[in-house]
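Numbering (full-length UniProt numbering), first residue to last: 1 to 450.
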């Protein structure tokens, strides 16, 4: 078991039983976007000068990133106002930490940090909690090694690991073997200290938060559309990054839980303000609308280089759909809660091309299938697919679900409990703190009783 102070595995399990409730109503102000929060701390630390961050997610994952960059020499402090201030050290100027860096539960933090460290002439040791130590890092190690870094890891490219940054980073052009914004970002961040251009070719569009934020801090990033829907994303090495203020939009992946709850609980009407609407992240909203969800997108605008909008969500009768496989990259974290929506939809919902779910914080296909079946929902699955047979208004419930220290699994079955005939028990709600510390309080404010 991990000794990480960030790991939910170090605290006694906190079971939670969720029962059906009346209509949900009100305004749900969800936490800041986790992906953008990680990157704002990281790029603020690599820039020269001060970066002020409003709306930073203060979950365990992001706090682990903040602590890591303090140990690497940046000043990262929370103000009494709730704003965070990062005073960066500049490219190539991170110091060697005096202890192991513990990234808790965050694959995003670990993989992006590896990219940054590949371009720093220092030696660093990284670890994480039991879940993170089981996740594949070879997909990042391979391109970083090609760029000149040396990485020593456990068998299979797993953490803990040691990374010795390159004295001279080699610019490369790297074709992603899997659709992964984390791998793409790691390569681009390593390329910041290379002389010349570093490029990544992706066959399926993935989250572009790194590219947007690099531009916001003064980096030079280009994107070229290639044949067959592929794209070439390139970064110029040795830019002059300058501190820049960031307003973090509300996280669409966190918003997914109160959003789906409002769609499923009869009579509900919930407003979700300031939600990030980056087109690489809106696959769930698009899918739910296709299923018949009443989701109004209002007050569209741009904040800090990212598109945002307010959502008004009303209870809806959903129908099953076949989700296009090429949509997976834009909603990979949302398939667990989509499968809960599918349990309440008329007919069958088919999700294909989702093999990446097997290597998330848990094997999310296996865990969701087991939990849904235990609660009376018919599910079938394969290596890269799931099918859910809906039971509108007739989800039996009554089971205890093993969440496997996975925050999104815990929140998904919380939502299932709100519409099941019998209470649903989550074996441990503690992992929710990694991404959504006030989740229960927010849901209770809307009318949930758990």
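For glycine and all other residues, C-beta sits at the position ideal for the given N, C-alpha and C.
For residue i, collect the residues of the same chain with a Cβ closer than 7 Å to its Cβ; drop the 5 residues on either side in sequence, then sort them by chain order.
{"i": "residue 14", "result": "428, 429 and 430"}
{"i": "residue 204", "result": "179, 326 and 329"}
{"i": "residue 242", "result": "47, 48, 49, 217 and 218"}
{"i": "residue 254", "result": "30, 31, 435 and 436"}
{"i": "residue 404", "result": "362 and 367"}
With 16 as the cutoff for other CB atoms within 10 Å, does residue i come out buried or exposed?
{"i": "residue 188", "result": "buried"}
{"i": "residue 277", "result": "buried"}
{"i": "residue 4", "result": "The pLDDT assigned to residue 4 is 37, lower than 50, so where the model puts this residue is not dependable; a value taken from the coordinates is nonetheless given after this. So residue 4 counts as buried."}
{"i": "residue 37", "result": "buried"}
{"i": "residue 299", "result": "exposed"}
{"i": "residue 226", "result": "exposed"}
{"i": "residue 296", "result": "exposed"}
{"i": "residue 383", "result": "exposed"}
{"i": "residue 433", "result": "buried"}
{"i": "residue 119", "result": "buried"}
{"i": "residue 274", "result": "buried"}
{"i": "residue 95", "result": "exposed"}
{"i": "residue 17", "result": "exposed"}
{"i": "residue 378", "result": "exposed"}
{"i": "residue 81", "result": "exposed"}
{"i": "residue 182", "result": "buried"}
{"i": "residue 250", "result": "buried"}
{"i": "residue 162", "result": "exposed"}
{"i": "residue 394", "result": "exposed"}
{"i": "residue 98", "result": "exposed"}
Beta carbon of residue i: closer than 7 Å to some heavy atom of the ligand GDP?
{"i": "residue 122", "result": "This structure lacks the ligand GDP, and indeed carries no ligand of any kind."}
Taking only three categories from DSSP, how would you classify residue i?
{"i": "residue 445", "result": "helix"}
{"i": "residue 199", "result": "strand"}
{"i": "residue 275", "result": "strand"}
{"i": "residue 42", "result": "helix"}
{"i": "residue 381", "result": "strand"}
{"i": "residue 373", "result": "helix"}
{"i": "residue 182", "result": "helix"}
{"i": "residue 257", "result": "helix"}
{"i": "residue 225", "result": "strand"}
{"i": "residue 109", "result": "helix"}
{"i": "residue 32", "result": "strand"}
{"i": "residue 342", "result": "helix"}
{"i": "residue 115", "result": "helix"}
{"i": "residue 432", "result": "helix"}
{"i": "residue 464", "result": "Nothing can be reported for residue 464: it is not among the residues displayed for the chain, which extend from 1 to 450."}
{"i": "residue 410", "result": "helix"}
Residues in the same chain with beta-carbon distance under 6 Å from residue i, minus the five sequence neighbours each way, listed in chain order, please.
{"i": "residue 10", "result": "Annotation note: pLDDT 47 at residue 10 (below 50); position unreliable, coordinate value reported separately. Answer for residue 10: no residue qualifies."}
{"i": "residue 221", "result": "211, 214, 215 and 235"}
{"i": "residue 399", "result": "374 and 375"}
{"i": "residue 371", "result": "401 and 413"}
{"i": "residue 87", "result": "50 and 75"}
Taking the alpha carbon of residue i as the reference point, which residue from the options has its own alpha carbon closest?
{"i": "residue 185", "options": "107, 445 and 151", "result": "107"}
{"i": "residue 229", "options": "206, 69, 243 and 167", "result": "206"}
{"i": "residue 102", "options": "209, 69 and 79", "result": "69"}
{"i": "residue 232", "options": "201, 257, 306 and 218", "result": "201"}
{"i": "residue 281", "options": "71, 99, 74 and 252", "result": "252"}
{"i": "residue 256", "options": "91, 409, 83 and 245", "result": "409"}
{"i": "residue 194", "options": "121, 40 and 152", "result": "121"}
{"i": "residue 258", "options": "247, 311, 223 and 238", "result": "311"}
{"i": "residue 131", "options": "151, 289 and 104", "result": "104"}
{"i": "residue 85", "options": "405, 44, 110 and 182", "result": "44"}
{"i": "residue 279", "options": "292, 307 and 254", "result": "307"}
{"i": "residue 149", "options": "169, 420 and 309", "result": "169"}
{"i": "residue 165", "options": "196, 209, 302 and 91", "result": "91"}
{"i": "residue 42", "options": "171, 190 and 199", "result": "190"}
{"i": "residue 397", "options": "293, 358 and 421", "result": "421"}
{"i": "residue 57", "options": "73, 369 and 34", "result": "34"}
With a CB to CB cut of under 8 Å and the five nearest residues on each side skipped, what residues in its chain are close to residue i?
{"i": "residue 27", "result": "270, 271, 272 and 273"}
{"i": "residue 177", "result": "139"}
{"i": "residue 337", "result": "256, 257, 260, 284, 408, 411, 412 and 415"}
{"i": "residue 71", "result": "97, 98, 99 and 101"}
Inset, instruction - Taking 8 Å as the threshold, find out whether the stretch 275-295 comes into contact with the stretch 330-337 through three or more Cβ pairs. - result: yes
Inset, instruction - Would you check if there are 3 or more beta carbon pairs closer than 8 Å linking the stretch 407-421 to the stretch 340-358? - result: yes
Legend entry - the stretch 136-154 touching the stretch 102-117, judged by at least three CB pairs closer than 8 Å: yes
Legend entry - Contact the stretch 42-57 vs the stretch 264-273: 3+ CB pairs below 8 Å: The stretch 42-57 makes no contact with the stretch 264-273; the number of CB pairs closer than 8 Å stays below 3.
Legend entry - Meets three-Cβ-pair contact criterion under 8 Å: the stretch 309-324 and the stretch 254-262: yes
Inset, instruction - Report yes or no: do three or more beta-carbon pairs, one from the stretch 380-396 and one from the stretch 121-140, lie closer than 8 Å? - result: no
Inset, instruction - Count the CB pairs spanning the stretch 57-71 and the stretch 15-26 that are closer than 8 Å, and state whether there are at least three. - result: Output reads no: the stretch 15-26 does not touch the stretch 57-71.
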